[in-house]
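Here the sequence shown is numbered in UniProt numbering, starting from 1 and rising by one per residue. Just so it is clear, CB atoms sit at the ideal spot from N, CA and C, and this is done for glycine as well. Below: the structure, in structure tokens.
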Amino acid sequence: FKPEETPFYFNANASESQNMTKVLFTGEPTNILYRSYQQDPLFGMDGECPYLMPEPTQVPTESFKLELGYRKNGQQVKETKHAQLITYGGYPAPNILSIKPTTPNKEEDRRYTLIFSDYWNCSVVQSSYMSGCEIWAPTSTAGQEPTPCCL
1 FKPEETPFYF NANASESQNM TKVLFTGEPT NILYRSYQQD PLFGMDGECP
51 YLMPEPTQVP TESFKLELGY RKNGQQVKET KHAQLITYGG YPAPNILSIK
101 PTTPNKEEDR RYTLIFSDYW NCSVVQSSYM SGCEIWAPTS TAGQEPTPCC
151 L
């Protein structure tokens, strides 16, 4: 971003609630409970109960392997993608997750910017896909509201 184009949600003073490492490296899947769009090519277009999880052997580093999963036609689908944590501007911790497609595919090249997280119940994320908004939650709290199918 150019300085004059910096989105309002990039605020280094709020960085305590914008650490993507704390959102992802919990030892459990991070479920996508809500998306502001109906279909997502990263999760099989209409895959249900999508989630993200660093592979168990991965440690919080800048570059890592990320498992993406969802249900499609009653079957569980899992894919592994290369991911990168990016620290924007003056942030002390990474606030952006970048997912690279396995093959060149602009729709699967994704950047998620963490807007806010309490790290236990809810994370609000801005997606580069369709400039969408998503709500993420760890598996342990995902069934509380609003989608029990993600348990």
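Asked: Excluding five sequence neighbours on each side, which residues of the same chain lie with their C-beta closer than 7 Å to the C-beta of residue 155?; Found: Residue 155 lies beyond the range of the chain shown here (1 to 151); nothing can be said about it.
Asked: Using DSSP bridges, identify the partner residues of Trp136.; Found: Ile32, Ser123
Asked: Once DSSP output is grouped into helix, strand and coil, what is the label at residue 153?; Found: The displayed coordinates of the chain run from 1 to 151. Any statement about residue 153 would go beyond what the structure contains.
Asked: Taking Leu97 as the reference, give the member of Leu66, Gly90, Gln75, Gly89 with the closest Cα.; Found: Leu66
Asked: Hey, could you find the ends of the alpha helix (DSSP H) Met53 is sitting in?; Found: Counting along the chain, Met53 falls outside any alpha helix (DSSP H), though it belongs to the beta strand (DSSP E) covering 48 to 54.
Asked: Report the start-end ranges of each alpha helix (DSSP H) in the stretch 67 to 93 that is 4 residues or longer and not cut off at the edges.; Found: none
Asked: So, with DSSP's three-state summary, where would you put Ser128?; Found: coil
Asked: Which stretch, first to last residue, makes up the alpha helix (DSSP H) that contains Leu24?; Found: 20 to 24
Asked: Please tell me whether Thr139 and Pro29 are closer than 7 Å, where the distance is taken between their beta carbons.; Found: yes
Asked: Does the stretch 116 to 133 come into contact with the stretch 47 to 55, if we say contact requires no fewer than three beta-carbon pairs (one atom in each stretch) closer than 8 Å?; Found: no
Asked: Return the CA-CA distance between Pro146 and Glu62, expressed in angstroms with no decimal places.; Found: Note that Pro146 has pLDDT 46, beneath the 50 cutoff, so the model's placement of it is unreliable and the number below is only indicative. Each residue's Cα considered, the two are about 32 Å apart.
Asked: Grab me the residues of Arg35's own chain with a C-beta within less than 7 Å of its C-beta, minus the 5 sequence neighbours each way, in chain order.; Found: Gly132, Glu134
Asked: Is Met20 closer than 7 Å to Asn95 when the C-beta atoms are compared?; Found: yes
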